[in-house]
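In our numbering, the protein residues as written are 50 to 703.
Glycine included, each C-beta is placed from N, C-alpha and C at the ideal position.
First the structure, in the form of structure tokens, and then the observations on it.
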RNA sequence: GCGCCCGUAGCUCAGUUGGAUAGAGCGACAGACUUCGAAUCUGUAGGCCGGGGGUUCGAGCCCCUCCGGGCGCGCCA
């Protein structure tokens, strides 16, 4: 509703400008600095002042004079040096919220969002959580806006990291596949935790015994060949860890549609197809001299924006195929990106991995034809890759590859949804018993390292959050069953975690701190959940008293709404609660899930004010009581809708 | 050396395409529970938006420069 008015008003002003000045420009509306100025501010007179050589105020006056009445608008005022401030017809606005028209589903092609993408060789850590929660929330935002979205989680099951853990099992611990299988099935020590330690161990072993690196090479070869005990081990390890990651992410409500795997990219010759295309269209060339002699390279001019001279261009060019004929990671990534857009001329085979508790199906790629009929994956019109900002250079190369192949449109629709890393606050390092150098102690944060086994495991953090929330729930609701208290504590804990990961904008480094993350007060997920619980409590209490909600349509006539909304307080509350869709659009446009988190907090804050100021059930005036109840229900709906987009569940009580 | 990011209240962070008097949470201090259950609310204090120059009606935001911090720049992934 809010956006429709916004569009209607700017269209009216644009028409007026075209008629009286013969100008065609798009008029944008702003939110006035103070709410007392009205609902919208139009600064267009400032833009025109120079062009028309007139004072902004004069222009504004002439525009207002020329504008007829706009449906839904009560008044236009000139303010300051030339702002046009818009006041809405409050009763009409509220009336349209009371009888909402469903949001028109937007058309458009499929959007592929790739996120999570964790090496399947050890437990997920807090950095991975930021990736998955950002990606999942962005998906929810797009879906809330009516877009069709496919969620991919790429699995690098044949890479160095998996190989290293396999080296650990095979060479260091001399374990057979059967013995490793027993470890996977053992309930007392989670397998992903065991691999976390093993990976750190083999990494430090390489340091002291560089000759052991031949094991890695042999293992990689065995994995690629796909046969023998080592290949079997690699499959078992990767599959078990992927299963663990999926369980961890499901705890936070994160789900996927399809898992494209590196092994299929290899076996189905995706790279060969991409290589042919790249050669054919001369996007890469064979280097015959210099340091990259014998390699297929992409010239730096393809992906560097800076003005380059010819000498440095050669130095900076990116190797795609090594002189030994093997392809680099970026090369495979180009093939994968081409497949995402349906440009490769090849497809995977798919088999059902499992169905989530809610019935949603998760598919995985395979290299053999299957009897199951899978959905159509890939062939997107736009792609978002949720990847750490440290990989922006490689993402640039991938996009440059598409552009060099003359897939300009798809290159423009390839988005690196980048975010900064999650590091650890020095204080948290100390709490965890991690030894810091004097230099590190002075730093604002300390980087995590999988190789060193330095970091906070995702499941440990979630467990700790649940434990902390549980203590509060136990204290407040001793009467509830243990099982139920556990469920509520889990909802609060995961809500707190998701909100924590979303409250920062993407390019800010999070210095993870247990004290902050475990907080349930102030700008947190539980604060928002609590507001929705309170709204629910009022409605529940009403029923417990044997009353039911009034017939809002009948009681809240246009006149009644006008009377109640004459109160500036009520009007501002209603207005802020009505902006969910507007917040979603803004957050999508800027690519910032943090904007939704911020909006959720403001909405909750507004409701908590309302809750404190107006005892709804004590109200005796029938019309006012009906109005307050309607506001309560409306706030609850809007809070729940916003929480859903953030992927935060609503506890029945707190 | 080259490229990208960051610097806003004691701390952690917001700040819409440049717009009216720069905001929030935490922390500090002072208050509010016989209630719709206080994981809440109200109030106070706290700012040369890193420094300097420029662009214009107008700059936290754009340009230049300097200072401080981070991350990239491999025939690793």
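- Under the DSSP assignment, residue 437 falls in the beta strand (DSSP E) whose first and last residues are 431-437.
- For residue 199, the beta-bridge partners assigned by DSSP are 161.
- Straight-line spacing of the CA atoms in residue 622 and residue 486 works out to 51 Å.
- In this structure, residue 393 and residue 322 form a Cβ contact; the two beta carbons are roughly 5 Å apart against a cut-off of 8 Å.
- A contact between stretches requires three or more CB pairs, one per stretch, nearer than 8 Å, and the stretch 494-503 meets this requirement with the stretch 469-476.
- Boundaries of the alpha helix (DSSP H) around residue 588: 574-593.
- Looking from the CA of residue 548, the closest CA among 610, 301, 319 belongs to 301.
- Residue 177 is classed as buried because its beta carbon has at least 16 other beta carbons within 10 Å across all chains shown.
- In the DSSP annotation of this structure, the continuous segment of the alpha helix (DSSP H) that includes residue 661 starts and ends at 642-662.
- Here residue 193 is near residue 633, since their CB atoms are less than 8 Å apart.
- The Cβ-Cβ distance between residue 443 and residue 379 falls below 8 Å.
- Under DSSP, residue 463 takes part in a beta bridge, and its partners are 432.
- Here DSSP, grouped into helix, strand and coil, assigns residue 550 to helix.
- Just measuring C-alpha positions, the residue of 426, 233, 447 sitting nearest residue 436 is 447.
- With contact defined as three or more Cβ pairs closer than 8 Å, the stretch 636-643 and the stretch 186-200 are in contact.
- 628 is the residue among 270, 516, 227, 628 whose C-alpha sits nearest the C-alpha of residue 54.
- Residue 611 has its alpha-carbon roughly 46 Å from the corresponding atom of residue 180.
- Here residue 121 is not near residue 65, since their CB atoms are 8 Å or more apart.
- The three-state reading of DSSP puts residue 268 in helix, counting H, G and I together.
- Taking every protein chain shown into account, the CB of residue 373 has fewer than 16 other CB atoms within 10 angstroms, so this residue is exposed.
- Relative to residue 430, the option among 678, 113, 198, 553 whose CA is nearest is 198.
- Beta bridge pairing from DSSP links residue 136 with 124.
- Within the same chain, 212, 215, 216, 279 come within 6 Å of residue 268 by CB-CB distance, once the 5 residues on both sides are set aside.
- When C-alpha distances from residue 688 are compared across 367, 661, 647, 414, the shortest belongs to 647.
- Judged by beta-carbon spacing, residue 505 lies beyond the 8 Å limit of residue 133, meaning their Cβ atoms are not closer than that value.
- When the beta-carbon positions are compared, residue 703 and residue 613 stay at least 8 Å from each other.
- Going by C-alpha positions, residue 642 is about 14 Å away from residue 574.
- Distances from the alpha-carbon of residue 244 to those of 692, 171, 52, 146 put 171 closest.
- The beta strand (DSSP E) runs of length 3 or more contained entirely in the stretch 65-134 are, from start to end of the chain, 89-91, 122-128.
- Per DSSP, residue 399 is one residue of the beta strand (DSSP E) stretching across 398-404.
- Counting only runs that start and end inside the stretch 270-331, there is no beta strand (DSSP E) element of at least 3 residues.
- At a Cβ-Cβ threshold of 8 Å, residue 287 and residue 206 count as neighbours.
- The residues 306, 307, 308, 399, 400, 401, 402, 423, 424, 426, in chain order, have a CB closer than 8 Å to that of residue 412 in the same chain once the five nearest residues on each side in sequence are set aside.
- In this chain, residue 561 is not harboured by any alpha helix (DSSP H); it is covered by the beta strand (DSSP E) spanning 559-561.
- Residue burial is scored here from C-beta neighbours: residue 540 has at least 16 other C-beta atoms within 10 angstroms and is therefore classed as buried.
- Bounds of the alpha helix (DSSP H) holding residue 383 are 378-389.
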